[in-house]
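Residue numbering for the sequence shown follows our numbering, beginning at 118 and increasing consecutively.
Note that the Cβ used here is the ideal one computed from N, Cα and C, for glycine as well.
Bear in mind that the values here come from a model prediction, so they are computed numbers and not experimental data.
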Amino acid sequence: MQGPHHTLILILFAMLCTSFQEVLWTQPSKAPSPGADDFLAGAYYYPWYAAPAQSEERGWMRQALRGRLTPRQLPALGVYSSRDPQVIGAHIEQSRRAGLDFWAVSWWGPGKREDRALQDHILKHPQAESLQYAILYESTGRLGSFEQPNYDSLIPDFEYLNQHLFSHPQYLRIQGKPVVFLYLTRVYFRNRGQEALAALRSRFPNLYLIGDEVFGPGYRGAHAQPWDAVTAYDVYGQSFQIEGATRKGLGRLLRSYQQAQEAAHAVGTAFVPGIAPGYNDRAVRQGHPGRPRYFTDEPDSREGDIFVSAIREVVVPMVDDQAERMFMITSFNEWYEDTQIEPTAGNQETTMVDDSDSGSYYTESDLYPDYENLYLDLLKRELVQAQASREATQAEESEAAP
118 MQGPHHTLIL ILFAMLCTSF QEVLWTQPSK APSPGADDFL AGAYYYPWYA APAQSEERGW
178 MRQALRGRLT PRQLPALGVY SSRDPQVIGA HIEQSRRAGL DFWAVSWWGP GKREDRALQD
238 HILKHPQAES LQYAILYEST GRLGSFEQPN YDSLIPDFEY LNQHLFSHPQ YLRIQGKPVV
298 FLYLTRVYFR NRGQEALAAL RSRFPNLYLI GDEVFGPGYR GAHAQPWDAV TAYDVYGQSF
358 QIEGATRKGL GRLLRSYQQA QEAAHAVGTA FVPGIAPGYN DRAVRQGHPG RPRYFTDEPD
418 SREGDIFVSA IREVVVPMVD DQAERMFMIT SFNEWYEDTQ IEPTAGNQET TMVDDSDSGS
478 YYTESDLYPD YENLYLDLLK RELVQAQASR EATQAEESEA AP
């Protein structure tokens, strides 16, 4: 028989353990930084690729601009499978080289190819702990058409994510909350879907939801209010599609973001700037002009100049302390839209020729270098320089203070 003092000790010990578990749950997990602690750098990641039956086949690159160039510019890893452990390991190493902290992984539903790739292959990879991971909830695949959305799967989907992913030690958290990016909230949850979103919030109050909200000028605070943070997945459509690959296009993007950030802050919502290196989806769909990765209105502009300018002029001044200075890149490996920063093989000459009948349908006579590791190295360089500049400024201010 135990005495009262022993019982009291056991009760206190149990309370201490419970409190410790709560602390563990609410603390933001963060993988060791690749080298720019001043930023929380993320990229949208697509685990949907399947290798062709024959290694020499073009496979899924047939629907990507780089696979239609003459000569072709293939990924450095070849036409790969997203489940290949060597590919996953290489992608993690490439991300670390670039200074990325996390991937927002495209997710199309329970048990789908992307879900299985994430759970069974990426998160179980021996190098997985080098990064963090969040979900990019693909609304177009889960909530039906734009014209007639159906929200029946929303809460069951999040029940599944909560059960299988949100408690993973490498899952990204902000303010102790698991982070979820929701694609095209400006379509599915603006002026409709409010009841579904309110039900989701009620069922899962401890989530950090980032809405894909910002698209052009005139963003309103009322649209930002339901979200912990707002961002823009589609960089191209609100800037360079309109103005071409020009300085004016980048300026248009910056002005939209500045106005959106002000509107979001007015209602207590954070802002996450998003950038992209370029855009060309002409190998997979019609109707959009492609845009190269240099400024066409500057004669001496080189490959990567748009990306560098976007980091310097959009990311660095606009990262938000409310969102742990997060920014997003569209994308790590969305080859179908040619927004990827993933390396190409780097063994082909620069070209403006493609395999269309005209020889220029896909390129529209723009130049496409086989850029290799360029974007990884540009990103890392710019983040390190920005951090050093900020630290120097802080040191000067500290010395000048009375």
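Per the coordinates, the alpha-carbon of residue 225 lies some 48 Å from the alpha-carbon of residue 514. Annotated as proximal: residue 362 and residue 409, with beta-carbon spacing under 9 Å. Bounds of the beta strand (DSSP E) holding residue 329 are 325-329. In chain order, 332 place their CB closer than 7 Å to the CB of residue 351, counting only its own chain and leaving out the 5 sequence neighbours on each side. The beta carbon of residue 411 lies closer than 8 Å to those of 362, 418, 419, 420, 421, 422, 423, 484 in the same chain, with the five residues before and after it left out.
Counting the other Cβ atoms within 10 Å of the Cβ of residue 284 gives fewer than 16, which makes it exposed. The DSSP-derived three-state label of residue 471 is strand. Under the three-state reduction of DSSP, residue 391 is assigned to strand.
In this structure, DSSP gives residue 348 an extended state, which the three-state scheme calls strand. For the pair residue 161 and residue 388, the CB atoms are not nearer than the 9 Å cut-off. Residue 245: not part of any alpha helix (DSSP H); DSSP gives it neither H nor E.
The stretch 169-181 makes no contact with the stretch 205-216; the number of CB pairs closer than 8 Å stays below 3. Three or more Cβ pairs drawn from the stretch 379-388 and the stretch 335-344 lie within less than 8 Å of each other, which places the two stretches in contact. In terms of CA proximity to residue 198, 164 leads the group 164, 394, 401. Non-local C-beta neighbours of residue 433 in its own chain, meaning closer than 7 Å and more than five positions away in sequence, comprise 503, ordered along the chain. Put simply, the backbone Cα of residue 405 is about 15 Å away from that of residue 477.
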